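Undergrad: The structure is given below, and queries will be raised subsequently.
Numbering (the working numbering), first residue to last: 428 to 846.
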């Protein structure tokens, strides 16, 4: 962690200045060291409290509700936790971002109970996708494997990694020597958790993925066949790699696009199918049908606005938002629906539940107005801000219902109230 390096810098500078008798500089360096220690301790504490979902011990306060089954939080909103990241929604990314970097302080940050509770999920996610290894995230799984009591297995896997793994995004900043050092210094575990020894997709993968990438011209459909879709993984290889492989073997680009996007992997690559203008919409509707009126009026309807907006309505990423249909077969989302045509909760719309009409919320003061427009999503033209109660600071497109369980006092911010 960054603050750990501040501590080490201050520590070494304290020694250096002390050796030459520079008392003033020694005192300054000592303050740098102490500041780094304080910041490091704060970050470790917050990581374990808000980002690591650890098994609850007797007497501990549970931070997240029982419905949240993941062992880590990838994105934490004001009233929502998600198992995903801003750069991808595969579980190994959410777990990996909370494990890196692997440094001495990691031992204090990552409790054995947490590592044991989450390792099976991390391993299953990482071992099911070749890009987990290729992009370097495998290093973090190996480090966790050593921490839960399997140092020899971890060392064997580490030395089997190619040098490129340590240069890609997930592994960049680590090294083979640092990884082996960390593995070798893991404490002994008296009763290691059992491992799932089933073969991973990586073990059965072909040795070399298609790598030749000619100009595909977005399969003639640049409006739907975006880089995001082309880079979607379809059974170990991306849509782009599969199409490029066919092209490099002599197939015309349009036929290769039809072969992959229409015949072989319509769910993952269907938006690149040049043979049909309606099929992508039909495919999306089959995967993520339009949200019901009840779903539109629920807490699911708080996603950013995309050309098409899809929300995970059941599964590990419940409430997660995406501009593309969720890949249900990956296990990150069980059910999804499309929010695109849902009403955006205009001021005239009111729903039952925690919300009521305008009468419960007075006009915001100048100060509250500025705070509302700073904190609330931009699509809420006249948001309601909770001023007092359990949902203090929360934003809503509807007036808050006065309740000790939600909000005791609220106000409405008009479009021009902070002028």
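Glycine included, every Cβ here is placed at the ideal spot set by N, Cα and C. Keep in mind the model is a prediction, meaning the values are calculated, not measured.
1) Distance check for residue 569 and residue 597, CA to CA, integer angstroms please.
2) Measuring only the C-alpha atoms, how far is residue 516 from residue 461?
3) Whole beta strand (DSSP E) runs in the region 439 to 477 with 3 or more residues, listed along the chain?
4) With a threshold of 8 Å, are at least 3 pairs of Cβ atoms found where one atom belongs to the region 721 to 736 and the other to the region 683 to 694?
5) Just tell me which of 829, 828, 833, 810 has its CA closest to the CA of residue 822.
6) Straight-line CA distance for residue 432 to residue 532?
7) Just how far apart, CA to CA, sit residue 504 and residue 490?
8) Going along the chain, which residues of its own chain have a beta-carbon closer than 6 Å to the beta-carbon of residue 456, five neighbours each way excluded?
9) Using only the alpha-carbon positions, how far apart do residue 593 and residue 599 sit?
10) When burial is assigned at 16 or more other CB atoms within 10 Å of the CB, is residue 826 buried or exposed?
11) Can you give the Cα-Cα distance for residue 655 and residue 698, rounded to whole angstroms?
12) Less than 8 Å between the CB atoms is what I'm expecting for residue 761 and residue 741, so what's the real figure, rounded?
13) Would you call residue 472 buried or exposed, if buried means 16 or more other Cβ atoms sit within 10 Å of its Cβ?
14) Taking residue 696 as the reference, which of 670, 678, 716, 677 has the closest Cα?
15) Expressed to the nearest angstrom, what Euclidean distance is found between the alpha-carbon atoms of residue 619 and residue 514?
16) Taking 8 Å as the cut-off, decide whether the C-beta atoms of residue 689 and residue 675 are in contact.
17) Considering only the beta carbon of each residue, do residue 549 and residue 522 sit closer than 8 Å?
18) What does DSSP give as the partner residues of residue 738 in its beta bridges?
19) Pair every Cβ in the region 607 to 622 with every Cβ in the region 554 to 567, then say whether three or more of these pairs are closer than 8 Å.
20) Taking C-alpha atoms, which residue in 817, 482, 840 lies nearest to residue 833?
21) List the DSSP bridge partners of residue 512.
22) Where do the ends of the beta strand (DSSP E) carrying residue 811 lie?
TA: Quick look at the numbers:
1) Going by C-alpha positions, residue 597 is about 13 Å away from residue 569.
2) In a straight line, the C-alpha of residue 516 is about 37 Å away from that of residue 461.
3) Within the region 439 to 477, not a single complete beta strand (DSSP E) segment reaches 3 residues in length.
4) Result no; under three Cβ-Cβ pairs closer than 8 Å.
5) If you compare the alpha carbons of 829, 828, 833, 810 with that of residue 822, the shortest gap goes to 810.
6) Distance between the alpha carbons of residue 432 and residue 532 is about 10 Å.
7) C-alpha separation (whole angstroms): 13 Å.
8) If we look at residue 456 and ignore the five residues flanking it on each side, its Cβ neighbours are 437, 440, 441, 444.
9) If you take the alpha carbons of residue 593 and residue 599, they lie about 5 Å apart.
10) Classification for residue 826: buried.
11) Take the alpha-carbon of residue 655 and the one of residue 698: they are about 10 Å apart.
12) That belief holds up - the Cβ atoms of residue 761 and residue 741 are roughly 5 Å apart, short of 8 Å.
13) The residue in question, residue 472, is exposed, as its Cβ has fewer than 16 Cβ neighbours within 10 Å.
14) Among 670, 678, 716, 677, the Cα nearest to that of residue 696 belongs to 670.
15) When rounded, the distance between both Cα atoms is 33 Å.
16) Against a cut-off of 8 Å, the Cβ pair of residue 675 and residue 689 comes out as no contact.
17) With respect to residue 522, residue 549 sits close: the two C-beta atoms are nearer than 8 Å.
18) Note: residue 738 sits in a beta bridge opposite 748, 764.
19) Flag = no, the region 607 to 622 and the region 554 to 567 do not touch.
20) With distances taken between Cα atoms, residue 833 lies closest to 817.
21) Answer is 515, bridged to residue 512.
22) Judged by DSSP secondary structure, residue 811 falls within the beta strand (DSSP E) whose first and last residues are 811 to 815.
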